[in-house]
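K.L.:
The opening position of the sequence shown corresponds to residue 7 in our numbering, with each subsequent residue numbered one higher.
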Amino acid sequence: MAELIYYCGTMDSGKSTLALQTAHNHQSRGRAGLLFTNRDRAGSGKISSRLGLTSEALEVSMEMDLHRFVVDQLSTGRRIDYVICDEAQFYSPEQVEQLAHIADGLGIEVYAFGILTDFRTKLFPGSARLIELADRVQPLQVEALCWCGRRATHNARTVGGIMVTEGEQVVVGDTNAANEVAYEVLCRRHHMRKVTAGNSGAGHQSSEPLPFQ
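(1) For residue 30, count neighbouring Cβ atoms within 10 angstroms of its own Cβ and tell me buried if that reaches 16, exposed if not.
(2) In three-state terms, what does DSSP make of residue 195?
(3) At what residue ranges does the stretch 111-174 contain a whole run of the alpha helix (DSSP H), taking only runs of 4 or more?
(4) Roughly how many angstroms separate the alpha carbons of residue 169 and residue 102, rounded to a whole number?
(5) Can you tell me whether DSSP reads residue 59 as helix, strand or coil?
(6) Using only the alpha-carbon positions, how far apart do residue 187 and residue 46 sit?
(7) Give every residue of the same chain whose Cβ lies closer than 7 Å to the Cβ of residue 159, excluding the five residues on either side of it in the sequence, and list them in chain order.
(8) Which same chain residues, not among the five before or five after residue 24, have their C-beta less than 8 Å away from its C-beta?
(9) Just curious, the alpha helix (DSSP H) that residue 22 is in, first and last residue?
(10) For the beta strand (DSSP E) containing residue 75, list its first residue and its last residue.
(11) First and last residue of the beta strand (DSSP E) that includes residue 90?
(12) Going by C-alpha distance, which of 55, 129, 166 and 161 is nearest residue 196?
(13) What is the rounded straight-line gap between the Cα of residue 199 and the Cα of residue 87?
(14) Of all the options 137, 108, 106 and 112, which has the alpha carbon lying nearest to the alpha carbon of residue 121?
(15) Residues in its own chain within less than 8 Å of residue 164 by CB, not counting five upstream and five downstream?
(16) Just verifying my parser: in three-state terms, what is the DSSP assignment at residue 38?
(17) Which term fits residue 104, buried or exposed, when burial requires 16 or more other beta carbons within 10 angstroms of its beta carbon?
(18) Taking residue 54 as part of the beta strand (DSSP E), name the residues at either end of that continuous run.
(19) Could you tell me whether any Cβ in chain D is nearer than 8 Å to the Cβ of residue 107?
(20) So, for residue 8: in the same chain, excluding its five sequence neighbours on each side, which residues have a beta-carbon less than 6 Å away from its beta-carbon?
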């Protein structure tokens with residue numbers, strides 16, 4: 007039976023790279039599928055990896071009914087063996103339910119890739135629903151690293167180089183961006199202290215004591 011599988015991790019853990027590799031593996035065996043994305047750093051209708059890999063994809067709008075779209079494609083005679091959904095944390099809970107219907111009702115494998123939590127350490131609604139519905143939730147094996155060398159477990163947002171924990175949940179930036187809004191992965195210790203690579207020098211660390219040892 008077809009499954010809905012959610013591959014999740016922090017930024018820099020290779021989500022988009024794995025999505026593109028999964029598509030390549032299927033295509034190299036003569037299988038046909040659909041690639042979806044939402045607000046990729048490379049722009050609309052793209053899946054891009056920080057390793058330089060890029061592929062065209064279908065941009066998912068908030069109004070898009072994914073199940074209906076796939077059914078319409080099948081009705082025209084198009085072959086669909088799999089569906090790949092990158093940036094799945096940005097999908098609505100209803101769209102995640104549509105992905106489950108694609109797997110259960112149409113017998114098509116669905117591979118979703120995304121980030122679990124936002125810069126406030128709160129679950130994205132799409133990720134929360136994927137955890138609730140997916141046949142399997144697979145943490146990515148590539149470990150992103152905090153500036154201190156520990157395993158990065160949290161995503162941080164910086165504005166003008168200063169880490170923030172309030173604001174809109176979705177503001178697209180990049181870990182290497184020169185823009186005002188950027189992102190960085192941190193270990194829990196430094197996320198809770200709001201210590202990023204930019205202010206990790208002595209004299210710049212928070213004077214507040216650690217909440218744990």
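Ideal placement from N, C-alpha and C gives every residue a C-beta, glycine not left out.
P.N.:
According to the structure shown:
(1) exposed
(2) helix
(3) 131-139
(4) 30 Å
(5) coil
(6) 15 Å
(7) 16, 193 and 194
(8) 13, 119 and 146
(9) 21-33
(10) Premise fails: residue 75 lies in the alpha helix (DSSP H), 72-81, not in any beta strand (DSSP E).
(11) 88-91
(12) 161
(13) 46 Å
(14) 137
(15) 170, 187, 188, 189, 190, 202 and 204
(16) coil
(17) buried
(18) 52-54
(19) You won't find chain D in this structure, because it holds only one protein chain.
(20) 109, 113, 114 and 115
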